[in-house]
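In full-length UniProt numbering, the protein residues as written are 1 to 317.
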């Protein structure tokens, strides 16, 4: 296990992308705000109900699939540095990254010209259908790989309680993606704090045949016992550059995984070259076999600029 950091020793379519609510909202009355909130909560409730139905359908597909189609996939080339963004379907990138007149169905092609990987956050909100996964396969070319953020039904609603079957069902996405499958990202809410029981609950349900990343949002998880257990399980502890979280790189497996959310404000920070140079040095000295790094600071297309900068600092890999 390796830790590197200032406090460490030694060293709009839910099917396509997501937003962080970064668009400016005009002034509205208290009544309008309450109505807007109620509509948003109603949409989220309906989406969560739909996720349960989609998960059940995915279970049926997985169970009925021929053995050769259900082979465990742990795709994505090893021994490489994969750098990209957390999503690509952002309206506010039009005119900043995508040409102002580019139709939406061409956005992915523009993205793929710059990066060979993307972290899909849409599946967190909407359990992917077989048709959606086939679209991902159809649009990608060359050696492009996807990392998939696991549905909130597992991490935020069920909070890993009795989720073994659900995790296996979601894993069928990897079987369909094959060599285009990178990592599964399990992002937990900050309300889940460290406990030995919760740690055991999480690790015992992960499929060891997958490339599993767990990102915590509460600082209590940055402790040596967690790192030891992750290392023993072969799971990847997600390093996280975000407000009020430990600023360090943690290595618990052959692969390392870093998410860049912003240091002072979630999703809005524009990393300086000096800030990213620190992370580049950590990555270079980590001894990792494969590196996965994604930028989630989508405001003003900072993620695009910062991902390119980190790639250059790492030698253009």
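Note that CB positions come from ideal geometry on N, CA and C, so glycine has one too.
Query raised in the report: With residue 84 and residue 30 assumed to form a contact (beta carbons below 8 Å), what rounded beta-carbon distance in angstroms separates them?
Result: Incorrect: roughly 41 Å between the Cβ atoms, too far for contact.
Report task. Could you pull the start and end residues of the beta strand (DSSP E) that residue 256 belongs to? Result -> 255-260
Query raised in the report: Taking residue 271 as the reference, which of 285, 281, 295 has the closest Cα?
Result: Ranking 285, 281, 295 by Cα distance to residue 271 puts 295 first.
Report task. Name the one or two DSSP bridge partners that residue 205 has. Result -> The partner list for residue 205 (beta bridge, DSSP) is empty, contrary to what the question assumes.
Query raised in the report: Of all Cβ atoms in chain D, is any one closer than 8 Å to the Cβ of residue 122?
Result: Protein chain content of the structure displayed is limited to a single chain, and chain D is not contained in it.
Requested in this report: Would you kindly report the start and end of the unbroken beta strand (DSSP E) that includes residue 251?
Outcome: 249-251
Query raised in the report: Can you name, in chain order, every residue of its own chain whose Cβ lies under 6 Å from the Cβ of residue 213, other than the five neighbours on each side?
Result: Cβ-Cβ distances below 6 Å link residue 213 to 183, 185, 236, 238, 257 in the same chain, with the five nearest sequence neighbours on each side left out; the list follows chain order.
Query raised in the report: Going by Cα to Cα distance, which pick from 291, 63, 99, 161 is closest to residue 197?
Result: Cα-wise, what sits closest to residue 197 is 161.
Requested in this report: Reducing DSSP to helix, strand and coil, say where residue 145 ends up.
Outcome: When DSSP states are grouped into helix, strand and coil, residue 145 belongs to the strand group.
Query raised in the report: alpha helix (DSSP H) containing residue 130: first to last residue?
Result: 130-139
Query - residue 187, enclosing beta strand (DSSP E) - first and last residue - result: 181-187
Query raised in the report: In this structure, does DSSP put residue 294 in helix, strand or coil?
Result: In this structure, residue 294 counts as strand in the three-state DSSP scheme.
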